[in-house]
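Asks:
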Amino acid sequence: MTVDSSPETQAAPAVPQQSLSTAAARNLTHTTKSAPQMQEITSRWLLRMLPWVETKGGAYRVNRRLRHTVGDGRIEFVQEGSTVRVIPRELGELAVLR
Numbered sequence: 018m019t020v021d022s023s024p025e026t027q028a029a030p031a032v033p034q035q036s037l038s039t040a041a042a043r044n045l046t047h048t049t050k051s052a053p054q055m056q057e058i059t060s061r062w063l064l065r066m067l068p069w070v071e072t073k074g075g076a077y078r079v080n081r082r083l084r085h086t087v088g089d090g091r092i093e094f095v096q097e098g099s100t101v102r103v104i105p106r107e108l109g110e111l112a113v114l115r
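When we follow the working numbering, the leftmost residue of the sequence shown carries the number 18, and every step to the right adds one.
(1) Are I104 and E93 closer than 7 angstroms when you measure CB to CB?
(2) Give every residue of the same chain whose Cβ lies closer than 8 angstroms to the Cβ of V142, excluding the five residues on either side of it in the sequence, and list them in chain order.
(3) Among the candidates R61, A41 and G90, whose CA atom is the shortest distance from the CA of A112?
(4) Is A41 near the ligand PLP, judged by its Cβ being under 6 angstroms from some heavy atom?
(5) Between the alpha carbons of Q35 and T49, how many angstroms are there, rounded?
(6) Under a three-way DSSP split, which group does V87 fall into?
(7) By the three-class DSSP mapping on this structure, what secondary structure does V101 have?
Put into structure tokens, the structure is as follows:
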């Protein structure tokens with residue numbers, strides 16, 4: 018495709034265009050429209066349960082699950098970036114708090 022950008026061939030429209038040209042409208046009607054990837058095969062209840070996470074490229078849902086074992090004699094922590102939190106139920110592992 019070649020584009021001629023010489024000033025004498027491009028006439029400035031007197032009135033700004035308010036709608037699509039016929040060719041552009043025809044192109045839009047013949048494009049393939051599909052659901053976002055994975056949306057068709059993911060359950061609705063799962064989509065409602067997952068939290069939205071803002072990222073630089075868009076919004077994505079992240080499924081995070083917290084798993085810990087109580088009664089193993091160890092205190093576990095959750096680390097998210099530079100933030101470290103103690104899991105409250107894990108404090109029962111300390112003899113002083115039993």
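Using N, Cα and C, we set each Cβ at its ideal position, and we do this for glycine too.
Replies: Let me spell this out:
(1) yes
(2) Past the edges of the chain, shown from 18 to 115, lies residue 142, and the structure says nothing about it.
(3) G90
(4) No copy of the ligand PLP appears in this structure; indeed no ligand is present at all.
(5) 25 angstroms
(6) coil
(7) strand
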